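Number of protein chains: 2
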Amino acid sequence: MAMPKNSQAFPRSEYLRRLTEVKLEMKRREIDALVVTTPANITYLSGYTSKSGYVPQGLLVSLEDEEPTFITRRMDGPAAIHQMFIDRSRVIGYPEALIANPDRDGYDAIIDFLLDKGLGSRGIGLEAKFLPSLTIEKFRLRAAEARIVDCTNAVTWIRGLKSDLEIVMMREAAAISDAGMLKAKEVIRPGLREADAAAEIIATLVRGANGKPGTDLASFFMCSTPRTSTCHIRWTEDIFRPGSQINLEFSGVRHGYTSPLMRTMSIGRPADHLRRLHDGEVAGLEAALAAAKTGGTCSDIAVAFNATLRKHGFEKESRCGYAVGIDWTEPTASLKEGDMTVLQPNMTFHLMLGNWIDEDVGYVISETFRVTDTGGESFTKLPRELFEI
Amino acid sequence: MAMPKNSQAFPRSEYLRRLTEVKLEMKRREIDALVVTTPANITYLSGYTSKSGYVPQGLLVSLEDEEPTFITRRMDGPAAIHQMFIDRSRVIGYPEALIANPDRDGYDAIIDFLLDKGLGSRGIGLEAKFLPSLTIEKFRLRAAEARIVDCTNAVTWIRGLKSDLEIVMMREAAAISDAGMLKAKEVIRPGLREADAAAEIIATLVRGANGKPGTDLASFFMCSTPRTSTCHIRWTEDIFRPGSQINLEFSGVRHGYTSPLMRTMSIGRPADHLRRLHDGEVAGLEAALAAAKTGGTCSDIAVAFNATLRKHGFEKESRCGYAVGIDWTEPTASLKEGDMTVLQPNMTFHLMLGNWIDEDVGYVISETFRVTDTGGESFTKLPRELFEI
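Here you go:
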């Protein structure tokens, strides 16, 4: 029996629309083939979310073909047939002999395919920044007549502008993030182990919200007293105590799409300093969203946030956010002063206002939003509170 | 107040022992400094498990210094001070201006440090295979008088041989894996959503076992009918049905250490073909463990497994396992025919007997084991059953 196609997260027309954008960009860059290797970009162009990116794989977009071709480890082929919108004949499994083989690997299978298709003397795009240097050398050597063009982030920039269908998916992810945060508020108590709270919250993120389950695990950070100045610790073996502060960052996931959320909680009354910091950050958050209008820039958002926070007597050293979508961060536009990326409707950002000020003061709040003509529209429905437990 | 040190997962003497091994290898390779960038290798040499590896960071091991130095994004410094066994003065935060900056990044901070320390004209080791090509070019350009030596997997090979303390940690992780698998058997029922089962299992992996919580999330795969020929799908929005087969792969985590486990479950009586495949695989598993003796080779294990499975009328195309430890796979020794790595006591492997035969037949069983003088000793305490639900 052949592997059945799964129901797709998006209609075929949505994938073809994305591919049309990519092919226009390929023409601008004068390439005939693009080898997409970043997992999030493969998800974007095909619907594939299976976790096979630990070995070489590539989605080949060719100007000649409506659908892309996926070259992957043979054992991962059935998942690709199941999940991708493309015809099953376009999933090509390479043999196991290319795994843990120092001489030939899955990239050789990709190059073989390009050469067989007669693309060996044309422009070939690679996401070079995320490829091992030996792999790039291999392309240059084996496709010696090709013009190898660095297309790092070419697809990622296209991903930056979401369709309405993608916004729906990010709202579904946001509802899951909200459910997780409410679960945190419900379960965190003095004497509870951090791990037990994390277990409950993560289970909520997997069960999902509104009948729509989470479809994957994303990053999860729980940085509690005395670790509130850390930002990327999962959780510890410690327990919560009266007076503990808990900084949370996580996201629900829907078919790859994330909608990250941060909130700070306090067991008992928060210290005055923390309260003042919270007030300044929330004022900054609101100023930032007001500036997140079509035609403005990423820099405008950062300027609005920083100026407002400064009025409240605080500074934030790190950027105040970044483009967000499939697999969380898009390494393209940054919400920082000087980033002149022009805001367009349905660009989405994680307005990440985590502020780790010194070794014993850290505070977090964040929202994921989309750009509209009248300002940033947050996906979360949670209040902008310093949650007191 | 300064960030306090967390209690360490291992005594200082254990980290110094590991560093001594690394320095011996550095002398063999005639380098004075080694820039360790692989997150699992950083964990191994310092105790650090915070998730800051999405931006440049490096643990610098120098022949001159007993303790290594960690160069990381400034906001991640407090977590390093908290988690690493090294003195706080050895954690160096680079400024936020190096984030999302096309001209200078965290690797420049690492190169600056090497040059300042007078190591710019010596041998410098890099884990080149896992670094972007532009980063390697940057080292060559900015440390032009240094001899850049590719040390990919140098630390990883040292990690391959576990201390007794590490074996204890892997047994703790295995107990968590076992608890997760028993939870799966308990909760999977017809009509239940896959996501709801995943939520319960993952929560169990976080809560841990024997009073020791899981300390991180690791990969998690639940490939159920009609997807049993896939290997790397998280779970779906589907429900279980009478007759469903469920292939599970996951691991508990203790301070970075994993102990992966796979089992196949069946709602109702498994088909005869699946039962025969199970019998062959279990016989192969036992033959493989019997061959996993000090002085044998990885190839011996694969030969024993393959010959036994073949006697039962089946073949497995993919390798039958790989070295395992921190962050799951160690990309070094493979359990495949022709891998002549000599087995030593306390090498640990994931004997991964997942067998995805065609588009509608897939079966999984696996155990994580250590090499002993008398054969492989599995960490799981679960029976080698095809679990019937």
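Order-wise, the sequence lines are chains Z and P.
Quick note: to get my numbering, add 36 to the position in the first sequence (first position is 1).
Quick note: to get my numbering, add 36 to the position in the second sequence (first position is 1).
Ideal Cβ positions, reconstructed from N, Cα and C, are used throughout, including at glycine.
Keep in mind that this is a model prediction, so the values were computed, not measured.
Residue pairing by DSSP places P/PHE257 opposite P/GLU285 in a beta bridge.
DSSP, read as helix, strand or coil, puts P/THR365 in strand.
Counting only runs that start and end inside the stretch 87-160 of chain P, the alpha helix (DSSP H) elements of at least 4 residues fall at 113-119, 142-152.
In this structure, P/GLY390 sits near P/CYS267, with a CB-CB distance shorter than 8 Å. Positions of the alpha helix (DSSP H) runs, each at least 4 residues long and wholly inside the stretch 321-385 of chain P, are given as 334-347 in order along the chain. In terms of Cα proximity to P/PHE405, the closest of P/VAL339, P/GLU353, P/SER295 is P/SER295. Contact annotation: in the stretch 202-223 of chain Z, no residue has its CB less than 8 Å from a CB in chain P. P/ASP101 is outside the set of residues whose beta carbon lies under 8 Å from a beta carbon in chain Z.
Among the residues facing chain Z, P/SER260 is not included, as its CB has no counterpart in that chain under 8 Å away. Taken atom to atom, the span from the alpha-carbon of P/LEU253 to that of P/ASP363 is near 10 Å. Counting C-beta pairs with one atom in each stretch, the stretch 292-306 of chain P and the stretch 323-337 of chain P have fewer than three that are closer than 8 Å, which means they do not touch. A distance of 8 Å or more separates the beta carbons of P/LEU95 and P/LYS59. Residue state for P/PRO226 is assigned as coil, using DSSP reduced to three classes. The Cβ of P/THR251 sits closer than 8 Å to at least one Cβ of chain Z. Going by beta carbons, P/ARG355 and P/SER370 fall inside the 8 Å limit.
Taking CB atoms only, Z/PRO168 has a neighbour in chain P less than 8 Å away.
DSSP, read as helix, strand or coil, puts Z/LYS248 in strand.
Not flagged as an interface residue toward chain Z: P/MET376, since no C-beta distance is shorter than 8 Å. Note on Z/ASN246: under 16 other CB atoms within 10 angstroms of its CB, so exposed under the neighbour-count rule. Taking a Cβ-Cβ threshold of 8 Å, the residues of chain P close to Z/TRP392 are MET111, PRO114, in chain order.
Judged by their CB atoms, Z/ALA76 and Z/GLY292 are nearer to each other than the 8 Å cut-off. Around the beta-carbon of P/GLU173, fewer than 16 other beta-carbon atoms lie within 10 Å, marking it exposed. Under the three-pair Cβ rule at 8 Å, the stretch 131-145 of chain Z does not count as touching the stretch 134-153 of chain P. Assigned with DSSP and collapsed to three states, Z/SER169 falls in helix.
Bounds of the alpha helix (DSSP H) holding Z/VAL58 are 48-64.
Straight across, the Cα-Cα distance linking P/ASP375 with P/ILE337 is about 10 Å. Within chain P, no C-beta atom comes less than 8 Å from the C-beta of Z/GLU366; the nearest is roughly 11 Å away. Under the 8 Å Cβ criterion, the stretch 154-167 of chain P counts as touching the stretch 177-191 of chain P, having at least three qualifying pairs. For the options Z/ALA211, Z/LEU241, Z/ILE203, Z/VAL72, the alpha carbon positioned closest to that of Z/VAL407 is the one of Z/ILE203. For Z/THR404, the pairing in a beta bridge is given by DSSP as Z/HIS386. In summary, the residues of the stretch 37-48 of chain P whose CB is separated from some CB of chain Z by less than 9 Å are MET37, ALA38, MET39, PRO40, ASN42, SER43, in the order they occur in the chain. Around Z/LEU241, the same chain offers ILE212, GLY216, GLY250, PHE286, GLY288 as residues with beta carbons nearer than 7 Å, after the five sequence neighbours per side are excluded. Not a single CB atom of chain Z sits nearer than 8 Å to the CB of P/CYS187. In the three-state reduction of the DSSP assignment, Z/TRP271 falls in the coil class.
In this structure, DSSP gives P/THR79 a helical state, which the three-state scheme calls helix.
Beta-bridge annotation (DSSP): Z/MET298 is paired with Z/GLU285, Z/SER402.
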